[in-house]
Amino acid sequence: MEGLGTPNMSDFFPVLAPADLQGMRRRLARLFARLHAVFDAEVDQRLRGRDAGQPRKNDFLDVLLDVAAREDGKDLLDRETLRSHFTDLFAAGSDTSSSTVEWAMTELLQNPSSVAKVCDELAQIIGSRRNIEEADIVRLPYLQAVIKETFRLHPPAPLLLPRQPEMTVKIAGCTIPKGSRVFINVWAIGRDKDVWTEPEKFMPERFLGLVIDFRGVDFELLPFGAGRRICPGMALAIRMVHVMLASLLNQFKWSLPVNLERDGIDMEDQFGLTLPKVVPLCIIATPI
Numbered sequence: 035m036e037g038l039g040t041p042n043m044s045d046f047f048p049v050l051a052p053a054d055l056q057g058m059r060r061r062l063a064r065l066f067a068r069l070h071a072v073f074d075a076e077v078d079q080r081l082r083g084r085d086a087g088q089p090r091k092n093d094f095l096d097v098l099l100d101v102a103a104r105e106d107g108k109d110l111l112d113r114e115t116l117r118s119h120f121t122d123l124f125a126a127g128s129d130t131s132s133s134t135v136e137w138a139m140t141e142l143l144q145n146p147s148s149v150a151k152v153c154d155e156l157a158q159i160i161g162s163r164r165n166i167e168e169a170d171i172v173r174l175p176y177l178q179a180v181i182k183e184t185f186r187l188h189p190p191a192p193l194l195l196p197r198q199p200e201m202t203v204k205i206a207g208c209t210i211p212k213g214s215r216v217f218i219n220v221w222a223i224g225r226d227k228d229v230w231t232e233p234e235k236f237m238p239e240r241f242l243g244l245v246i247d248f249r250g251v252d253f254e255l256l257p258f259g260a261g262r263r264i265c266p267g268m269a270l271a272i273r274m275v276h277v278m279l280a281s282l283l284n285q286f287k288w289s290l291p292v293n294l295e296r297d298g299i300d301m302e303d304q305f306g307l308t309l310p311k312v313v314p315l316c317i318i319a320t321p322i
């Protein structure tokens, strides 16, 4: 993830790409070779297990192998395509969601009133003795507001994948030439004082009663992008983040270690493909 998130001059000046001045292409080739070796080993082990009649796990890998085993799927899912699917899941499906939950917990622990509100909502709707289910999320408006506020302040990807206009266009007085590379800074949009009141403040209440969603329609909040190039894992990420955060808050009481109570939580983030905390969050969980 660090390698993928390192700023590459070739992204901004494509004419430099063949020279690979930063050595990024060579470095990533080595990293992907190691990653693909891990994936290949898992696929080979699963195929050997199938040949030996071992019980199926019925997970994503089994589904892909079933498709690849069909006559009409052999040309669609070769080994290289399987690697690409797993790379997408590994790079975009885990780090982004875990980083969002970490930032949500970080912000909540610095705002005791928000913690109290979301925990009260969970206690009233769910109770402390039941696991959180997807169907519960729609009945937890304050939890949803907490997630939206976290996406606003700490979007999983600070810059969306670049766009390229097919013709020269003029937007808000700015001319964007045909074929230029356009980056959307969602981090800056989420902190724009012309759009948000007190943009630096963590305030989930701002979303209560507002019809603003993060599915690419409301341009004030675009953590997953918009249009045909919107993040394909958005639906899964939304479910994961809500259920993970709700489960953590419903099953445990959280507190800060003595040093963080004294010195405060480090809020610095690290720029890259995602925006993780520079100093990982270390807190104390007490079962309820």
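Numbered according to my numbering, the sequence shown spans residues 35 to 322.
For every residue, glycine included, the Cβ atom is placed at its ideal position computed from N, Cα and C.
Bear in mind that the values here come from a model prediction, so they are computed numbers and not experimental data.
{"query": "Where does N165 land, buried or exposed, given buried means 16+ other C-beta within 10 angstroms?", "result": "exposed"}
{"query": "Which residue's Cα is closest to the Cα of R80: P196, F66, L95 and E295?", "result": "L95"}
{"query": "Using C-beta distances below 7 Å, list every residue in its chain close to D252, excluding the 5 sequence neighbours before and after it, in chain order.", "result": "I246"}
{"query": "I'd like the list of long-range same chain contacts for A319, defined as Cβ closer than 7 Å, with 5 residues on each side in sequence excluded.", "result": "F286 and W288"}
{"query": "Grab the span of the beta strand (DSSP E) containing C208 for me, first residue to last.", "result": "C208 to I210"}
{"query": "Can you tell me where the beta strand (DSSP E) with P321 in it begins and where it stops?", "result": "I318 to P321"}
{"query": "Starting from I205, follow its DSSP beta bridges and name the residues at the other end.", "result": "C208"}
{"query": "Take I223 as the anchor and find which of S214, D170 and E234 has the nearest alpha-carbon.", "result": "E234"}
{"query": "What distance in whole Å lies between the Cβ atoms of N284 and S162, which are believed to be in contact at a cut-off of 8 Å?", "result": "6 Å"}
{"query": "Tell me the DSSP secondary structure of R235 in three-state form.", "result": "Before going further, note that residue 235 is Lys rather than Arg in the sequence given. In the structure shown, K235 sits in coil (DSSP, three-state: anything other than H, G, I, E or B)."}
{"query": "Three or more C-beta pairs under 8 Å: does that hold for the stretch 184-204 against the stretch 143-163?", "result": "no"}
{"query": "Please determine, among L193, S118 and E141, the residue with the shortest C-alpha to C-alpha distance to A260.", "result": "L193"}
{"query": "Using the Cα positions of K311 and T134, report the straight-line distance between them to the nearest angstrom.", "result": "10 Å"}
{"query": "Taking the straight line between their C-alpha atoms, what separation do you get for M43 and V49?", "result": "10 Å"}
{"query": "With a threshold of 16 other CB atoms inside 10 Å of the CB of E76, please say whether the residue is buried or exposed.", "result": "exposed"}
{"query": "Helix, strand or coil for W221? Go by DSSP, reduced to three states.", "result": "helix"}
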